[in-house]
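In my numbering, the protein residues as written are 4 to 176.
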């Protein structure tokens with residue numbers, strides 16, 4: 004297993020959301036222009052309220068990519084019966100640019116975990132052509148594997164995830 008796949012397997016992104024794959028495109032996810040998402044790191048919900056900047060690598064501006072952000076732990080990690088909850092989809096992102104150059108087909112919904120520690124994963128797929136990705140029917144019970152299959156996306160080319168949990172209530176003194 005490649006080194007950059009290991010955290011995705013340990014964090015069960017590979018398994019719960021996608022099957023094993025070989026990363027082939029660089030992707031960086033940055034919130035508030037200074038907080039980079041790193042596999043398994045925790046971010047406070049207050050940091051992730053606005054959509055992040057997502058830089059896509061690749062070598063060809065003509066290539067198109069689809070970005071999916073999903074929560075496999077909805078409504079709670081111990082009982083994820085709504086797995087997955089969809090937070091964002093951007094399609095037709097040109098290679099070597101960022102997600103703002105793509106077409107947002109499901110608007111960004113900021114993470115608001117209520118119970119337990121949730122994983123929020125960004126999965127990147129290379130499209131076979133432009134304007135080939137259709138929005139799903141619902142955010143709840145979303146399935147990244149099925150969506151990729153229905154839209155001819157194949158295996159992911161990049162992924163990263165972070166953890167978040169509800170901020171603890173202020174303690175009374």
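Yeah, the Cβ is synthetic: ideal placement off N, Cα and C, and Gly gets one too.
Predicted, not measured: the structure shown is a model, and the values here were computed from it.
Mark residue i as exposed unless 16 or more other C-beta atoms lie within 10 angstroms of its C-beta, in which case mark it buried.
i           : result
residue 11  : buried
residue 30  : buried
residue 20  : buried
residue 129 : buried
residue 120 : exposed
residue 76  : buried
residue 149 : exposed
residue 155 : exposed
residue 139 : buried
residue 84  : exposed
residue 18  : exposed
residue 117 : exposed
residue 102 : buried
Using a Cβ-Cβ cutoff of less than 8 Å, which residues in the same chain neighbour residue i once the five nearest sequence positions on both sides are dropped?
i           : result
residue 47  : 167, 170
residue 64  : 97, 98, 99, 100
residue 22  : 148, 158
residue 39  : 31, 32, 33
residue 41  : 163, 165
residue 104 : 96, 97
Spatial neighbours of residue i within its chain, please: CB distance less than 6 Å, with the 5 preceding and 5 following residues excluded, ordered by chain position.
i           : result
residue 34  : 50, 51, 55
residue 158 : 24
residue 72  : 90, 91, 125
residue 43  : 10, 14
residue 27  : 160
residue 67  : 95, 130, 133
residue 86  : 75
Between which two residues does the alpha helix (DSSP H) harbouring residue i extend?
i           : result
residue 147 : 147 to 153
residue 17  : 16 to 19
For residue i, report the span of its beta strand (DSSP E) as first-last.
i           : result
residue 70  : 67 to 74
residue 10  : It is not in any beta strand (DSSP E) - residue 10 instead sits in the alpha helix (DSSP H) that spans 9 to 13.
residue 56  : 56 to 59
residue 33  : 30 to 34
residue 159 : 159 to 168
Going along the chain, which residues of its own chain have a beta-carbon closer than 7 Å to the beta-carbon of residue i, five neighbours each way excluded?
i           : result
residue 115 : 48
residue 135 : 154, 155
For the ligand NAD, any of its heavy atoms closer than 7 Å to the Cβ of residue i?
i          : result
residue 29 : In the structure on display, the ligand NAD does not appear, and there are no ligands present to speak of.
> Taking one C-beta from the region 41 to 60 and one from the region 79 to 87 each time, how about it: are there three or more such pairs within less than 8 Å?
Replying inline: no
> Where are the beta strand (DSSP E) runs, 3 residues long or more, that stay fully inside the region 90 to 119, in chain order?
Replying inline: 106 to 109
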